[in-house]
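Trainee: The following block contains the structure, expressed as structure tokens.
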Amino acid sequence: MKNLPIVIWQLSDKRRGHDRQSLGLSNALSKLVAAETHIVGLESFKLLNLLRRRFSPPQELPLPHLIIGAGHQCQNALIKAKKTAGGLSICLMKPSLPRAWFDLCIIPEHDKVSPRQNTIETKGVLNPVGSNIAPPLNNGVVLIGGPSRHHNWDANDLVSQIRNIIKDDSHTTWTIANSRRTPAGTANLIMNDPILKDKFFQIDDLPLNWIDQKIESCGRIWVTADSVSMIFEALSTKAKVGIIDVPAKRSDRINTIAPNLQKLGWVYHGDATPDIHRPNLNEANRCAMTILKRWPSLMTANSNSSLL
Numbered sequence: 011m012k013n014l015p016i017v018i019w020q021l022s023d024k025r026r027g028h029d030r031q032s033l034g035l036s037n038a039l040s041k042l043v044a045a046e047t048h049i050v051g052l053e054s055f056k057l058l059n060l061l062r063r064r065f066s067p068p069q070e071l072p073l074p075h076l077i078i079g080a081g082h083q084c085q086n087a088l089i090k091a092k093k094t095a096g097g098l099s100i101c102l103m104k105p106s107l108p109r110a111w112f113d114l115c116i117i118p119e120h121d122k123v124s125p126r127q128n129t130i131e132t133k134g135v136l137n138p139v140g141s142n143i144a145p146p147l148n149n150g151v152v153l154i155g156g157p158s159r160h161h162n163w164d165a166n167d168l169v170s171q172i173r174n175i176i177k178d179d180s181h182t183t184w185t186i187a188n189s190r191r192t193p194a195g196t197a198n199l200i201m202n203d204p205i206l207k208d209k210f211f212q213i214d215d216l217p218l219n220w221i222d223q224k225i226e227s228c229g230r231i232w233v234t235a236d237s238v239s240m241i242f243e244a245l246s247t248k249a250k251v252g253i254i255d256v257p258a259k260r261s262d263r264i265n266t267i268a269p270n271l272q273k274l275g276w277v278y279h280g281d282a283t284p285d286i287h288r289p290n291l292n293e294a295n296r297c298a299m300t301i302l303k304r305w306p307s308l309m310t311a312n313s314n315s316s317l318l
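Written out as structure tokens, the structure is:
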């Protein structure tokens, strides 16, 4: 019998960061095995079905081999979708529910969980970025985040750091981009800076995949310390990666990530030069390979096969 693609349900809570984690894994799987991915929004949970603790999948969807979800809102959806439609449930975070309730949990190392058979620990969260080609060092990008639960924000100091980066590396063609968390006042400071204004692009004016394409085409990437996901996306390329200081509110598992990467020599900080032998991270690919090794029936999935 002819093998058919594996069916992946990618649960979505409509949060871009969570969707990018799921996309990273589904893309990696599709590079290793024939796969078709279907985005399933949480609106598939009708209020009545929520009260009855049931899941109502769209009728036109094929039954899944894998159900992937990131974010707290997706946890119950993963469990109910598996119970109703079958397939393997893969939770891309440290769940607030017991890990034993999922077939697999993929959790960043900085969440510090105990080892378990159904757990893969990763360097940072998964992402869809990845390139084995060394981009030109004369292309650079500065990526700006914003204040968060873990970090305060000093716009004047930030702009000063960016100005120094560009002055110190004037042979590089620089691009600066903000994010949706960047305060309007910070964007205004940059747009009024004579050195920076012509290099600045606002995220709302850019195509959807612009950041990914820019990251993969630049040999030098600087990221503000609050943007943990973006730091690991940059480390998924062969670029030289630098960290721009942002004041931490306190010492915790999130705001110690950037200093720990600096100690490893994986990133620039100030005038410090990173270790050129740092690993080229591709955690999504590593997790995809682990999944296929753990469940080899995925490699020969067809409409009559069972993974459970």
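Going by this note's numbering, the letters in the sequence shown line up with residues 11 to 318, in that order.
Don't be surprised by glycine CBs; every beta carbon is placed ideally from N, CA and C.
State the Cα-Cα distance for the pair L73 and P118, rounded to the nearest angstrom.
Mentor: Spanning the two alpha carbons is a distance of roughly 29 Å.
Trainee: Taking DSSP as the reference, what is the three-state secondary structure of F211?
Mentor: Reduced to three states, the DSSP call for F211 is strand.
Trainee: Only counting runs of 4 or more residues, tell me where the alpha helix (DSSP H) segments fall wholly within the stretch 153-197, in order along the chain.
Mentor: Runs found: 165-178.
Trainee: Please report how far the alpha carbon of G51 lies from the alpha carbon of D178, in whole angstroms.
Mentor: Looking at the two C-alpha atoms, the distance is approximately 46 Å.
Trainee: In three-state DSSP terms, what is D29?
Mentor: Note: D29 maps to helix in three-state DSSP.
Trainee: What is the C-beta distance between L114 and M240, in whole angstroms, given that I count them as a contact (C-beta under 8 Å)?
Mentor: Actually they are not in contact, since the Cβ atoms of L114 and M240 sit about 25 Å apart, beyond 8 Å.
Trainee: For W232, which of helix, strand or coil comes out of DSSP?
Mentor: Three-state result, W232: strand.
Trainee: Any contact between the stretch 12-21 and the stretch 269-279? By contact I mean 3 or more CB pairs, one from each, below 8 Å.
Mentor: Counting Cβ pairs under 8 Å, fewer than three are found: no touch.
Trainee: Could you give the DSSP three-state label for D310: helix, strand or coil?
Mentor: In the sequence on display, residue 310 carries Thr and not Asp. Helix, per DSSP.
Trainee: Which ranges would you report for the beta strand (DSSP E) in the stretch 68-154 if only whole runs of at least 3 residues count?
Mentor: You should have 76-79, 98-101, 114-118, 129-132 and 149-153.
Trainee: Count the C-beta pairs between the stretch 166-177 and the stretch 122-137 that are closer than 8 Å, then say yes if the count reaches three, no if not.
Mentor: No contact exists between the stretch 166-177 and the stretch 122-137.
Trainee: Which two residues bound the contiguous beta strand (DSSP E) that contains S239?
Mentor: First-last for S239: V238 to A244, but that is the alpha helix (DSSP H), not the beta strand (DSSP E).
Trainee: In its own chain, which residues sit with a C-beta less than 6 Å from the C-beta of F211, not counting the 5 before and 5 after it?
Mentor: Excluding positions up to five away in sequence, the list reads A187.
Trainee: For L107 versus A298, is the C-beta distance shorter than 9 Å?
Mentor: Cβ distance not < 9 Å, so L107 and A298 don't count as in contact.
Trainee: Tell me which residues share the same chain as L308 and place their Cβ nearer than 8 Å to its Cβ, disregarding the 5 neighbours each side in the sequence.
Mentor: Excluding positions up to five away in sequence, the list reads I16, V43, H75, L76, I301, L302 and L317.
Trainee: Is the CB-CB distance between I130 and I116 below 9 Å?
Mentor: It is a contact, given that the beta carbons lie within the stated cut-off.
Trainee: Let me know if T310 comes out buried or exposed under the rule of 16 or more other beta-carbons within 10 Å of its beta-carbon.
Mentor: T310 comes out exposed.
Trainee: Please report the straight-line C-alpha distance between K273 and K122, rounded to a whole angstrom.
Mentor: Approximately 19 Å, taken between the alpha carbons.
Trainee: Please go through the same chain and pick out, in chain order, the residues whose beta-carbon is closer than 7 Å to the beta-carbon of F242, but skip the five residues on each side of it.
Mentor: For F242, where only same-chain residues beyond five positions count, the Cβ hits under 7 Å are K133, G134, V135, N137 and L291.
Trainee: Ignore the nearest five residues each way along the sequence and tell me which others in T196's own chain have a CB closer than 6 Å to its CB.
Mentor: For T196, where only same-chain residues beyond five positions count, the Cβ hits under 6 Å are A165.
Trainee: Would DSSP call G34 helix, strand or coil?
Mentor: Looking at G34 - three-state DSSP - the assignment turns out to be helix.
Trainee: If G156 sits next to P193, beta carbons under 8 Å apart, how far is it from one beta carbon to the other, in whole angstroms?
Mentor: About 6 Å; that satisfies the 8 Å criterion.
Trainee: Contact defined as beta carbons within less than 8 Å: I believe N128 pairs with R109. What is the distance between those atoms, to the nearest angstrom?
Mentor: With a Cβ gap of about 6 Å, N128 and R109 count as contacting.
Trainee: Count the other CB atoms within 10 Å of the CB of K259; is the residue buried (16 or more) or exposed (fewer)?
Mentor: With fewer than 16 other Cβ atoms within 10 Å, it is exposed.
Trainee: Three-state secondary structure (DSSP) at S22?
Mentor: Three-state result, S22: strand.
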